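**Q**
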């Protein structure tokens with residue numbers, strides 16, 4: 016993830032964070048395996064088919080869904096289409112720049128996309144109007160407005176929350192409007208490694224002094240649907256294995272608390 | 037992944053469509069120093085994959101704002117030739133190849149002793165000439181011996197393999213059909229001896245137990261692939277004693 020504008024977190028602060036971690040505590044008072052309380056406001060942009068503003072600490076992202084008619088992919092004539100895009104807006108952070116998407120934002124969008132796609136969140140087969148010719152295309156667009164760490168989880172949470180409230184605008188094609196069929200709820204949980212400690216839902220400072228990053232996305236059956244290791248650094252198998260267990264546990268909590276069907 | 041399909045990926049005899057057992061690798065061949073201009077290069081054939089890798093650097097990082105006064109940065113560029121897949125691929129980077137380039141750069145940088153070359157960059161160009169599932173891992177495995185051939189110090193070689201789930205079974209080194217119609221794909225790359233994981237991605241549907249089983253298969257496969265890497269390096273640097281004479 017990008018560095019702050021100074022580029023270097025002060026050594027004193029870095030040492031403080033690491034020392035605190037040795038005692039199992041974090042700078043913001045959380046335990047190493049706790050997730051910040053997300054604040055989710057759905058239907059933030061009524062003009063969209065569905066939307067959700069999500070705050071995770073000071074990180075703020077807004078997901079908006081648009082659903083339009085279009086052609087299916089030739090190899091999947093009996094399925095609607097899902098596309099995911101993330102804009103890391105220059106307003107969110109001093110080093111974010113306008114222009115074509117960076118590798119970081121492409122990876123971010125693709126990890127969010129994989130969780131939703133492989134989690135079979137939507138039944139894409141219910142989005143066909145005319146097989147091979149006309150299907151509903153679901154566009155997930157996410158604006159990153161303010162950056163304080165852990166964009167992957169904030170964006171996944173926003174995208175899923177927005178999808179759950181989305182309405183397919185059938186009336187634009189002389190059909191009936193209907194609620195987007197959302198069945199499975201994927202939840203991603205991201206952890207970073209600081210020294211030899213694994214830290215859940217890192218804030219910006221923690222991201223900046225971390226080495227490897229690992230994201231595990233699970234669905235309500237506890238199955239893993241997507242994983243992504245990122246950044247420079249490594250994990251042992253034991254660390255990965257415990258990351259999966261942590262994601263299963265926190266995923267369940269988050270799903271029950273914030274994404275109740 | 038893929039759509040519902042009639043293809044039966046595991047036969048009644050317990051073998052896979054291409055006749056392999058569940059934890060059997062496809063044939064792998066590697067060679068180094070296959071290009072003239074590059075500082076290091078390699079070529080790998082892995083099943084039907086044919087991939088060429090060139091390493092340039094360490095050289096002055098450009099543009100200058102990319103320079104890091106503490107270390108080199110590693111920039112891998114994964115690219116698929118237009119003719120490498122069934123349907124012509126539009127040339128140039130797409131979102132998939134940019135993501136792969138990012139995770140491969142990070143995996144290599146986790147192994148390379150970048151602190152020895154401040155203000156420089158190390159370019160790794162990975163060209164997929166023919167694709168047959170598992171290109172990112174094959175490209176990474178070849179990249180690591182190309183970096184070694186360029187004389188760039190590393191903590192260890194990076195070696196990887198994929199596993200996944202097909203026809204309800206955990207299988208090693210997915211074939212193209214298994215990749216397209218199977219249930220999950222799990223590429224992992226490690227530092228060869230310590231088995232520290234430097235690349236891991238997964239998509240599909242697997243339980244923790246299945247992922248655990250897949251990781252064991254991958255870890256033991258990397259020992260075999262590491263031997264092939266070593267042989268590729270040693271065969272070029274072994275001096276024939278008979279040439280010492282007059």
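Chains as they are written, first to last, in the working numbering: chain A, 16 to 276; chain B, 37 to 282.
Glycine is no exception: its CB is placed at the ideal position from the N, C-alpha and C atoms.
Note that the structure is a prediction, hence the values are computed from the model and not measured.
Would residue 204 of chain B pass as a contact of residue 156 of chain B if the rule is Cβ separation under 8 angstroms?
**A** Not in contact: residue 204 of chain B and residue 156 of chain B (Cβ atoms no closer than 8 angstroms).
**Q** For residue 244 of chain B and residue 53 of chain A, I'd like the C-alpha separation in whole angstroms.
**A** Going from the Cα of residue 244 of chain B to the Cα of residue 53 of chain A covers about 26 angstroms.
**Q** Does the region 167-183 of chain A touch the region 144-159 of chain A, meaning 3 or more C-beta pairs lie closer than 8 angstroms?
**A** They touch, by the three-pair rule.
**Q** Can you tell me which of A:147, A:109, A:218, A:83 puts its alpha carbon nearest to the alpha carbon of residue 186 of chain A?
**A** Among A:147, A:109, A:218, A:83, the Cα nearest to that of residue 186 of chain A is on A:83.
**Q** Can you find the residues in the same chain that come closer than 6 angstroms, C-beta to C-beta, to residue 139 of chain A, ignoring five residues on each side of it along the sequence?
**A** These residues qualify, in order along the chain: 94, 95.
**Q** Let me confirm a value: residue 85 of chain B is counted as buried when at least 16 other C-beta atoms fall within 10 Å, else exposed. Which label applies?
**A** Counting Cβ neighbours within 10 Å, residue 85 of chain B comes out buried, since at least 16 surround it.
**Q** Enumerate in chain order the residues of its own chain whose CB-to-CB distance from residue 69 of chain B is below 7 angstroms, with the five nearest sequence positions on each side excluded.
**A** So the qualifying residues of the chain are 77, 185, 272.
**Q** Tell me the residue span of the alpha helix (DSSP H) that contains residue 131 of chain A.
**A** Unbroken alpha helix (DSSP H) run through residue 131 of chain A: 118-133.
**Q** Would you identify the three-state DSSP class for residue 262 of chain B, choosing helix, strand or coil?
**A** Helix at residue 262 of chain B.
**Q** If we count Cβ pairs, one from each stretch, closer than 8 angstroms, do we get three or more for the region 57-75 of chain B versus the region 231-239 of chain B?
**A** Taking 8 angstroms as the limit for Cβ pairs, the verdict is that the region 231-239 of chain B does not touch the region 57-75 of chain B.
**Q** Could you check whether the region 168-175 of chain B touches the region 203-223 of chain B, counting it as contact only if at least three pairs of C-beta atoms, one from each stretch, sit closer than 8 angstroms?
**A** Touching, yes.
**Q** Of all the options B:114, B:229, B:270, B:178, which has the alpha carbon lying nearest to the alpha carbon of residue 82 of chain B?
**A** Comparing Cα-Cα distances from residue 82 of chain B to each of B:114, B:229, B:270, B:178, the minimum goes to B:178.
**Q** With 16 other CB atoms within 10 Å as the buried threshold, where does residue 98 of chain A fall?
**A** So residue 98 of chain A counts as exposed.
**Q** Short of 6 angstroms in beta carbon distance, which residues of its chain neighbour residue 146 of chain B, apart from the five on each side in sequence? Order them along the chain.
**A** Result list for residue 146 of chain B: 234, in chain order.
**Q** Hey, which unbroken runs of the alpha helix (DSSP H) at 4 residues or more fall wholly within the region 166-209 of chain A?
**A** Taking only runs of at least 4 residues, the alpha helix (DSSP H) segments lying wholly in the region 166-209 of chain A are 166-179.
**Q** Below 8 angstroms CB to CB, which residues in the same chain sit around residue 190 of chain A once its five sequence neighbours on both sides are set aside?
**A** Result list for residue 190 of chain A: 144, in chain order.
**Q** Using a Cβ-Cβ distance under 8 angstroms, would residue 252 of chain A count as near chain B?
**A** Residue 252 of chain A counts as touching chain B.
**Q** Considering only residues of the same chain and omitting the five flanking positions on each side of residue 48 of chain B, which have a CB-CB separation below 6 angstroms?
**A** Nothing listed; no residue qualifies.
**Q** Could you check the C-alpha separation between residue 87 of chain A and residue 147 of chain A for me, to the nearest Å?
**A** Taking the straight line from one Cα to the other gives about 6 angstroms.
**Q** Relative to the C-alpha of residue 223 of chain A, which residue among A:236, A:68, A:206 is closest?
**A** If we check each option's Cα against that of residue 223 of chain A, A:206 comes out closest.
**Q** Give the C-beta separation of residue 163 of chain B and residue 115 of chain B to the nearest angstrom, bearing in mind that I take them to be a contact with Cβ-Cβ under 8 angstroms.
**A** Right, the Cβ-Cβ distance comes to about 6 angstroms (below 8 angstroms), so this counts as a contact.
**Q** What are the residues of the region 243-256 of chain B that lie near chain A, defined by any Cβ-Cβ distance shorter than 7 angstroms?
**A** Those would be 243, 244, 247, 248, 251, in chain order.
**Q** Assuming residue 123 of chain A contacts residue 166 of chain A (C-beta within less than 8 angstroms), just tell me the rounded distance between them.
**A** Contact flag correct, Cβ pair sits at about 6 angstroms.
**Q** Would residue 80 of chain A count as contacting chain B if we go by Cβ distances under 8 angstroms?
**A** Answer no: the Cβ-Cβ gap between residue 80 of chain A and chain B never drops below 8 angstroms.
**Q** Put residue 60 of chain B into one of helix, strand or coil per three-state DSSP.
**A** It is coil, neither helix nor strand.
**Q** Cβ of residue 160 of chain B within 8 angstroms of Cβ of residue 143 of chain B?
**A** No; because the gap between Cβ atoms is not below 8 angstroms, this pair is not in contact.
**Q** What does residue 98 of chain A reach in chain B if we use C-beta pairs closer than 9 angstroms?
**A** Chain B residues near residue 98 of chain A: none, gap ~10 angstroms exceeds 9 angstroms.
**Q** Which value, in whole angstroms, describes the spacing of the CA atoms of residue 266 of chain B and residue 79 of chain B?
**A** If you take the alpha carbons of residue 266 of chain B and residue 79 of chain B, they lie about 14 angstroms apart.
**Q** Run the CB neighbour count on residue 260 of chain A, radius 10 Å, all protein chains shown included, and call it buried at 16 or more, exposed below.
**A** Exposed: under 16 other Cβ atoms inside 10 Å.
**Q** Residues of chain A with CB under 9 angstroms from residue 283 of chain B, in chain order?
**A** Outside the displayed range of chain B (37 to 282) lies residue 283 of chain B, so it cannot be described from this structure.
**Q** Decide if residue 202 of chain B is buried, meaning its Cβ has at least 16 other Cβ atoms within 10 Å, or exposed.
**A** Counting Cβ neighbours within 10 Å, residue 202 of chain B comes out buried, since at least 16 surround it.
**Q** Once the 5 residues before and after residue 258 of chain A are set aside, which same chain residues still bring their CB inside 6 angstroms of it?
**A** Closer than 6 angstroms at the Cβ level, and outside the excluded window around residue 258 of chain A, lie 206, 229, 231.
**Q** What are the start and end residues of the beta strand (DSSP E) that includes residue 26 of chain A?
**A** Not the beta strand (DSSP E): residue 26 of chain A falls in the alpha helix (DSSP H), residues 26-37.
**Q** Consider the Cβ of residue 122 of chain A: report whether some Cβ of chain B lies at a distance smaller than 8 angstroms.
**A** Yes, because at least one Cβ of chain B sits closer than 8 angstroms to the Cβ of residue 122 of chain A.
**Q** Could you tell me the boundaries of the alpha helix (DSSP H) in which residue 153 of chain B lies?
**A** It is not in any alpha helix (DSSP H) - residue 153 of chain B carries neither H nor E in the DSSP assignment.
**Q** Run through the region 129-189 of chain B for me and flag every whole beta strand (DSSP E) of 3 or more residues, listed as ranges in chain order.
**A** Runs of the beta strand (DSSP E) inside the region 129-189 of chain B: 156-166.
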